[in-house]
Structure formats: C-alpha cells, structure tokens
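Trainee: Before anything else, here's the structure in question.
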C-alpha cells in the first residue's frame, strides 16, 4: 500500500507565505526606522536572503516529511513556488502600504529618484529626468513582472543548488 506523499505545492505555499510574512516584517521595520525609501545593496541582500532561507527550509522540511527522500525535480519545483507566493504577498502588502499606510509613498520615491538622477547625471536636463520618471510610471507593472521573474529565477537557482546537495532518491526496490 502506498503511503501518503507530501505535496510540493503545499510546501511552496506554506513556506512562500512564511517568506512573504518575513519580508513584510522586514519592510515594516524599514518603515519604522524611516528607511523605507532606501534601496541599498544591503537591504536588497537581506530581502533575497529571507527568500533563500525559506526556500532551503521548505526543501529540507519536504525531505523530512518524505521519509528522508527528495528528488532533484521535487526540490527544483519548491523554490520557484516559494518565490511566487512570497512575491504575491509582497505585492499585496505594497498595495496596502502605498495606498493606505503611506499614500504619497510613490510620489516621494519618484522625487527621490529625480534628485538622485540629477545629482548623478548633471548633464541631464530637468525635462529629460521628468520624462524618464513618466516612463517609469507607465511601465510600473511591467517592472514588477520583471522583478517577479527575477525572484522566480533566484528561487530556482537556490532550489537547484540545495536540491543537488540534499537529493536522495528512493530506492527502486
């Protein structure tokens, strides 16, 4: 009689939700520290580290629930799933944050970007910078889709590396 196999989707959803919650908590910490407009390498690294930790945890817990066995394919399926669920929760949080908690967040972000562009490129005119910002506004959701794709690729890479390290196929007998 076949024993119940754990479902890859369940682990992707659960650990994706946990990764999303951890990311939201990190974002709230940044907001409370008045650092929510900063996009430094360290902040982005922490965000990707959060995702990586939950991808690895999901794979390890799946292996544990599967009697110590996990195939590379199963591991590879978990990472992108965790990334998608986490990203969707992050977008929902962002919409609530930018429309309810901090309604002028986007305008502040665009103004900070405008100032940075003028400082870093003194040869640009104000009209050129404004035109660039208008293009960014028009393609906001396209940019978000690209970020989601990058998140999925990152989840895939982490799950591939983790899967190669921890894979253990069930014996054929």
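Residue numbers (my numbering): 211 to 383. The beta carbon of each residue, even a glycine, is placed where N, CA and C say it ideally should be.
(1) Output the distance between the C-alpha atoms of residue 211 and residue 234, rounded to the nearest integer angstrom.
(2) Under the DSSP definition of a beta bridge, which residues are partnered with residue 378?
(3) Should residue 226 and residue 277 be called a contact, given that it needs their Cβ atoms to be closer than 9 Å?
(4) Are the Cβ atoms of residue 294 and residue 369 separated by less than 9 Å?
(5) Decide if the region 318-338 is in contact with the region 264-281; the criterion is three or more beta carbon pairs, one per stretch, under 8 Å apart.
(6) Identify, in the order they occur along the chain, each residue of the same chain with its Cβ nearer than 6 Å to the Cβ of residue 297, setting aside the five sequence neighbours on each side.
(7) What is the DSSP secondary structure of residue 211, reduced to helix, strand or coil?
(8) Would you mind reading off the limits of the alpha helix (DSSP H) that contains residue 274?
(9) Going by beta carbon distance, what residues of the same chain come within less than 8 Å of residue 286, once the five residues before and after it are set aside?
(10) Look up residue 349 in the DSSP assignment and say whether it is helix, strand or coil.
(11) Round the Cβ separation of residue 230 and residue 289 to the nearest angstrom and send it over; I've been treating them as touching at under 8 Å.
(12) According to DSSP, is residue 290 helix, strand or coil?
(13) Is the CB-CB distance between residue 385 and residue 326 below 9 Å?
(14) Out of 238, 260, 274, 222, which one is the CA nearest neighbour of residue 308?
(15) Would you mind sorting residue 350 into buried or exposed? The rule is 16 or more other CB atoms within 10 Å of its CB.
Mentor: Result, derived from the coordinates:
(1) Low local confidence applies: a pLDDT of 40 at residue 211 is under 50, so the model's placement there is unreliable, and no value is given.
(2) 280
(3) no
(4) no
(5) no
(6) 358, 361
(7) Residue confidence for residue 211 is low, a pLDDT of 40 falling below 50, so the modelled location carries little weight; the figure read from the coordinates is stated next. Residue 211 falls in the coil class under three-state DSSP.
(8) 251-275
(9) 366, 369, 370, 373
(10) coil
(11) So it is not a contact: roughly 15 Å between Cβ atoms.
(12) helix
(13) The first residue shown for the chain is 211 and the last is 383, placing residue 385 beyond what the model contains.
(14) 238
(15) exposed
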